[in-house]
């Protein structure tokens, strides 16, 4: 469970309870060195860093009792599968009044759709994000974002809810059951799509590489000289930003090649830009268009990294479109310590993992250990339980 990884890497002691044969995600490819095995799934590795693993056969009374003992001493119980009668919250809180139980399900518990089958695609499609993603050509179908985004979104809400519940428990001493609905979590992450409909009864439309909106915006993805795409963000629309483009053009030796350079200089001299008058002011339209074309022209003559750094230095919102693995090689990400080397003693090597998107000053985030081997912590955890019971 991704929520468990987030909490574990932030310092929580997270115990993953697995059946004797192991969690099924241990069988998910890809595998390290392309060799399948329950301890070699990169999928399992990623989602289970910093956790402990114990195996319990819940068909056995002794193991059911061990599970209850674990829960009785827990602060938070994360649950994402079917809830058996013995794991209903009301029965669990009798022994642990402060227990916070977080249940993550596709449509929420106790609802008419509770038992419907679902996938990440159906959650994202039914929740709204898929409608926002795709291309300007609406004869093409919408696009689902990859990487199990529906599941990740719901997991983030599970963590946020659990942390808020901990604060509430600190004040009141009371735990609670939190029911996280992945379908709803997807819907509240449609940017302004849902709100636009609720308030104005207008439907946003998807656009290539841009935010969905009621009205179309200008394309913002351009191809650089090295074959990479970048997002150019907002083009110049103030005298100082037109001045920055002029300076950039001259520094790159491209001012004489760009035929609309005089319009950029006019943008520097213009005192006021009223973008609400863009369609009525032909001169303003020409200046604004020249600014956008100047960004495209610069991109076509520079490498993506030259364009990115040059634009950022001059205050323009520019970003390179990286593949996931390319992010790990970016100097900025490296400087922030994003790639993390994790020891795998069983393989006698270290493996590079993606790090965290946040940095805490007082409570540093870190991957404390690689994902656990199946049942690796049985002896320690069960000995601790026996000691507490004694």
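In my numbering, the protein residues as written are 1217 to 1606. In this text, a Cβ means the ideal position worked out from N, Cα and C, and glycines have one as well.
Beta-carbon separation (whole angstroms), residue i vs residue j, contact threshold 8 Å
i: residue 1218; j: residue 1367; result: 7 Å
i: residue 1313; j: residue 1365; result: That pair is no contact at about 36 Å.
i: residue 1502; j: residue 1461; result: So it is not a contact: roughly 15 Å between Cβ atoms.
i: residue 1271; j: residue 1224; result: Not a contact, Cβ separation roughly 18 Å.
i: residue 1518; j: residue 1468; result: 7 Å
i: residue 1452; j: residue 1507; result: 4 Å
Contact under 8 Å by Cβ, residue i with residue j
i: residue 1446; j: residue 1524; result: yes
i: residue 1436; j: residue 1422; result: no
i: residue 1283; j: residue 1293; result: no
i: residue 1371; j: residue 1222; result: yes
i: residue 1316; j: residue 1374; result: no
i: residue 1321; j: residue 1397; result: yes
i: residue 1442; j: residue 1539; result: no
i: residue 1346; j: residue 1358; result: yes
i: residue 1286; j: residue 1589; result: no
i: residue 1448; j: residue 1393; result: no
Three-state secondary structure assigned by DSSP to residue i
i: residue 1342; result: helix
i: residue 1279; result: helix
i: residue 1301; result: Only weak support is given to the placement of residue 1301: the predicted model assigns it a pLDDT of 47, under 50, and the question is left unresolved by the model.
i: residue 1372; result: helix
i: residue 1393; result: strand
i: residue 1285; result: helix
i: residue 1354; result: coil
i: residue 1383; result: helix
i: residue 1232; result: strand
i: residue 1360; result: coil
i: residue 1420; result: coil
i: residue 1606; result: Note on residue 1606: pLDDT 48, under 50, position unreliable in the model; no value is reported.
Span of the beta strand (DSSP E), counted from its first residue to its last, around residue i
i: residue 1559; result: 1555-1560
i: residue 1317; result: 1316-1321
i: residue 1428; result: 1426-1429
i: residue 1271; result: 1268-1271
i: residue 1550; result: Segment 1547-1551 is the alpha helix (DSSP H) holding residue 1550; no beta strand (DSSP E) there.
i: residue 1569; result: 1565-1570
Cross-strand partners of residue i (DSSP beta bridge)
i: residue 1536; result: 1446
i: residue 1238; result: None, per the DSSP bridge assignment.
i: residue 1575; result: Residue 1575 pairs with nothing; no bridge assigned.
i: residue 1292; result: 1316
Endpoints, the alpha helix (DSSP H) within which residue i is located
i: residue 1478; result: 1477-1485
i: residue 1517; result: 1498-1517
i: residue 1528; result: 1520-1529
i: residue 1254; result: It is not in any alpha helix (DSSP H) - residue 1254 carries neither H nor E in the DSSP assignment.
i: residue 1455; result: 1455-1467
i: residue 1223; result: 1218-1225
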